[in-house]
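Asker: In our numbering, the protein residues as written are 383 to 718.
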């Protein structure tokens, strides 16, 4: 919860990740957070401590975003400065956030690779990270059946072989659900790998490019690119459709598929609940992930609730494993 003397601003952000070393600030490296926080410090340098951004989903080096969300807390002096920038005391209610977006984009320049697409006062209790109920990514692959378009080479992975879209779609469909994704994540000490994969599908666009659509309550490190890499291995015939769920349930990293390059990945969208549910959602997320905040240090621990849910669904998972092949082959999801 922000201090009563401050107000929280939601920022919607897009960026081309090609020349960024990811979202999070790192010494001597160009990052999205670093660029935006430097601009905030310049704009508000005379009005208290420079604001710090909290983001919905940290992205790795080379990953792009079309619908990233972050929040920033502004003190009264900073708000007054922005309100005065355009319109004065009688300016519209959203004047300070709008002025902040204009100033950030003005410093970035018209040809910038990061852009604030919208800014607004955040609802009470809003937290860009913990209030989110889902995140959605897209991944673009041009296989041997798709034309090579140099104009999108920084946002599309060119793959040497032709891929079987129907097999990839079935493999993706078989993975949906609440599971422990340790096999598809880079482990981080003390952090949980339990996530609910809500949607996973593939389509071939009119230009021939294959696009994966992946939605979950949250993602652990490298999870999306690993899931895509596993499906590509299925599309090439190197792995069977049923093997992806088997590998998942082994709960350990494997060399049976490759994690895909970052440049094909786009952070597409974040979902939030109704305004009056923001604070409750943030608290629930913290509890479910076992997150403890103490002296500005965040430690994530494997949450007992997630493990209990997984145990309760053990029978369902066993039944799915026995009948997966038959069920998938009789109820095909759409492939285009």
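Glycine residues also receive a C-beta, built at the ideal position from the N, C-alpha and C atoms.
Just to confirm, is the Cβ distance from residue 421 to residue 489 under 7 Å?
Answerer: Result yes, Cβ atoms of residue 421 and residue 489 sit closer than 7 Å.
Asker: Is residue 596 helix, strand or coil by DSSP?
Answerer: In this structure, residue 596 counts as strand in the three-state DSSP scheme.
Asker: When DSSP labels each residue in this structure, what does residue 520 get in the three-state scheme?
Answerer: In the structure shown, residue 520 sits in a strand (DSSP, three-state: E or B).
Asker: In three-state DSSP terms, what is residue 538?
Answerer: It is coil, neither helix nor strand.
Asker: Does DSSP put residue 564 in a helix, a strand or coil?
Answerer: If DSSP states are grouped into helix, strand and coil, residue 564 belongs with the helices.
Asker: Once DSSP output is grouped into helix, strand and coil, what is the label at residue 420?
Answerer: Correct three-state label for residue 420: helix.
Asker: In whole angstroms, what separates the C-alpha of residue 470 from that of residue 512?
Answerer: With a pLDDT of 48 at residue 470, under the threshold of 50, the modelled position of this residue cannot be trusted; read the value that follows with caution. Going by the C-alpha atoms only, they are around 34 Å apart.
Asker: Is it true that the CB of residue 521 sits closer than 7 Å to the CB of residue 617?
Answerer: It is not a contact, given that the beta carbons lie outside the stated cut-off.
Asker: Whose C-beta lies closer than 7 Å to the C-beta of residue 676 among residues of the same chain, with five residues either side of it excluded?
Answerer: Note on residue 676: pLDDT 31, under 50, position unreliable in the model; no value is reported.
Asker: Could you name the residues of the same chain whose beta carbon sits closer than 6 Å to that of residue 398, not counting the 5 residues immediately before and after it, in chain order?
Answerer: Only 446 and 495 meet the Cβ criterion.
Asker: In terms of DSSP beta bridges, what is residue 578 paired with?
Answerer: Per DSSP, 560.
Asker: Considering only their Cβ atoms, is the gap separating residue 518 from residue 650 smaller than 7 Å?
Answerer: Their beta carbons are under 7 Å apart, which means residue 650 touches residue 518 by this criterion.
Asker: Please name the residue or residues paired with residue 461 in a DSSP beta bridge.
Answerer: Paired residue(s): none; residue 461 is not in a bridge.
Asker: Classify residue 588 as buried or exposed, calling it buried when 16 or more other Cβ atoms lie within 10 Å of its own Cβ.
Answerer: Exposed.
Asker: Report all residues from its chain with a CB closer than 6 Å to the CB of residue 688; omit the five preceding and five following residues, and keep chain order.
Answerer: Unreliable placement is indicated for residue 688, whose pLDDT of 49 sits below 50; the coordinate value is still reported in the next sentence. Excluding positions up to five away in sequence, the list reads 576.
Asker: Could you tell me which residues DSSP pairs with residue 503 in its beta bridges?
Answerer: In the DSSP output, where bridge partners are listed per residue, residue 503 has 391.
Asker: Please state the DSSP three-state secondary structure of residue 447.
Answerer: Strand.
Asker: Less than 7 Å between the beta carbons of residue 479 and residue 503, yes or no?
Answerer: The answer is yes: Cβ separation under 7 Å.
Asker: From residue 472 to residue 464, what does the alpha carbon distance come to, in whole angstroms?
Answerer: Confidence in residue 472 is poor, its pLDDT being 49 and thus under 50, which makes the residue's placement unreliable; the coordinate value appears in the next sentence. Cα to Cα, the separation comes out at about 13 Å.
Asker: What's the gap between the Cα of residue 395 and the Cα of residue 540?
Answerer: Their backbone Cα atoms lie some 27 Å apart in a straight line.
Asker: For residue 477, which three-state DSSP category applies?
Answerer: Helix, per DSSP.
Asker: Is it a yes or a no for the stretch 631-639 touching the stretch 427-439, going by three-plus beta-carbon pairs under 8 Å?
Answerer: Because the criterion of three Cβ pairs below 8 Å is not met, the stretch 631-639 and the stretch 427-439 do not touch.
Asker: Need the endpoints of the beta strand (DSSP E) that residue 611 sits in, please.
Answerer: Per DSSP, residue 611 belongs to no beta strand (DSSP E); it is in the alpha helix (DSSP H), 605-617.
Asker: Look at residue 626 and residue 598 and say whether their C-beta atoms are less than 7 Å apart.
Answerer: No, Cβ-Cβ distance for residue 626 and residue 598 is not below 7 Å.
Asker: Within 8 Å, do at least three Cβ pairs link the stretch 454-464 to the stretch 409-429?
Answerer: Result yes; three or more Cβ-Cβ pairs closer than 8 Å.
Asker: Out of 652, 667, 660 and 525, state which residue places its alpha-carbon closest to the alpha-carbon of residue 507.
Answerer: Comparing Cα-Cα distances from residue 507 to each of 652, 667, 660 and 525, the minimum goes to 660.
Asker: Which of the three DSSP states is assigned to residue 647 in this structure?
Answerer: Of the three classes helix, strand and coil, the one that applies to residue 647 here is strand, per DSSP.
Asker: So, helix, strand or coil for residue 625, using DSSP?
Answerer: Three-state result, residue 625: helix.
Asker: In whole angstroms, give me the CA-to-CA distance for residue 531 and residue 430.
Answerer: Cα to Cα, the separation comes out at about 48 Å.
Asker: Is residue 456 helix, strand or coil by DSSP?
Answerer: DSSP places residue 456 in strand when its eight states are reduced to three.
Asker: Short of 7 Å in beta carbon distance, which residues of its chain neighbour residue 374, apart from the five on each side in sequence? Order them along the chain.
Answerer: Outside the modelled stretch of the chain, which goes from 383 to 718, sits residue 374, for which no answer is possible.
Asker: Where residue 402 and residue 408 are concerned, what is the direct C-alpha to C-alpha distance, given to the nearest angstrom?
Answerer: The alpha-carbon atoms of residue 402 and residue 408 are separated by roughly 11 Å.
Asker: Quick one, are the C-beta atoms of residue 583 and residue 554 less than 7 Å apart?
Answerer: Yes, these two residues count as a Cβ contact at 7 Å.
Asker: Does the separation of the CB atoms of residue 557 and residue 525 fall below 7 Å?
Answerer: Going by C-beta atoms, residue 557 is not nearer than 7 Å to residue 525.
Asker: Given a cut-off of 7 Å, decide if residue 527 and residue 633 are closer than it, judged by their beta-carbon atoms.
Answerer: For residue 633 and residue 527, no; Cβs fall outside 7 Å.
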